[in-house]
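In the working numbering, the protein residues as written are 1 to 212.
The beta-carbon is built from N, C-alpha and C at its ideal position, and this holds for glycine as well.
All values reported here derive from a predicted model rather than from experimental measurement.
Structure record follows, encoded as structure tokens.
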């Protein structure tokens, strides 16, 4: 892990950055297509680099798998403000859910390799979850301001409700099923939708969001 940590501490040269990005893209395709045990040599060969280059960036299979997943999560988190700059808030939220469904398919493709690699990543997993909650909060705040979402929504509740997308099976038609699931969730978030019975905690959290 020392090599990976050193890589994070200094910027990569342009050619090294291209090699790293290419390796991540090829590895994701390979894991999805062939499963988590695909030989690393074949990934390096398809990426057009030597196996030594792969190991310089990713000393172990686990570091490669985690790098793929964290890149996908980072892209998803960064998509929230970008989508709000391009689309109406409710459309941006719906598009973000589509990207979350693709992340779910990525997680399926990495399969057991991701589960094994993530056992020592509990601290970073907490940070990743927090960033996803933050992205949802950004989108919800914009929807509330535009009058297209209820003001009593808690971003963590909404993210957990989206968790059903991770139950999707990687089979023909999963995109259509994901769209139907997202549509159901959007109906529940929309301004004017019936509110659930209030509890003491939801009164507090809802009041805090409405007061923002």
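Below 8 Å on the Cβ atoms is my guess for residue i versus residue j; work out the distance and round it to an integer in Å.
i: residue 100; j: residue 76; result: 6 Å
i: residue 73; j: residue 93; result: No, residue 73 and residue 93 are not in contact; Cβ-Cβ is about 18 Å, not under 8 Å.
Can you check which of these residues, the options, is closest to residue i by C-alpha distance?
i: residue 53; options: 17, 106, 127; result: 17
i: residue 131; options: 79, 13, 55, 33; result: 79
i: residue 133; options: 145, 27, 47, 153; result: 153
i: residue 87; options: 191, 182, 146; result: 146
i: residue 69; options: 37, 107, 95, 40; result: 107
i: residue 58; options: 163, 32, 137, 24; result: 24
i: residue 141; options: 90, 164, 177, 188; result: 90
i: residue 143; options: 96, 165, 55; result: 96
i: residue 187; options: 32, 50, 175, 161; result: 161
Is it buried or exposed for residue i, if we count other Cβ within 10 angstroms and need 16 for buried?
i: residue 204; result: Low confidence applies to residue 204: its pLDDT is 45, below 50, so where it sits in the model is not reliable, and the reading given next is rough at best. Exposed is the call here.
i: residue 169; result: exposed
i: residue 6; result: Confidence is the limiting factor: at residue 6 the pLDDT is only 42, short of 50, which leaves the residue's position unreliable, though a coordinate-based value still follows. Its Cβ having fewer than 16 others within 10 Å, residue 6 is exposed.
i: residue 20; result: buried
i: residue 166; result: exposed
i: residue 30; result: buried
i: residue 182; result: buried
Name, in chain order, the residues that DSSP records as bridge partners for residue i.
i: residue 190; result: 149
> Enumerated in chain order, which unbroken segments of the alpha helix (DSSP H) with a length of 4 residues or greater are wholly contained in the region 78 to 164?
Replying inline: Qualifying alpha helix (DSSP H) stretches, in chain order: 89 to 117, 122 to 146, 155 to 161.
> Whole alpha helix (DSSP H) runs in the region 42 to 70 with 4 or more residues, listed along the chain?
Replying inline: Uninterrupted alpha helix (DSSP H) stretches at least 4 residues long and entirely within the region 42 to 70 occur at 51 to 57, given in chain order.
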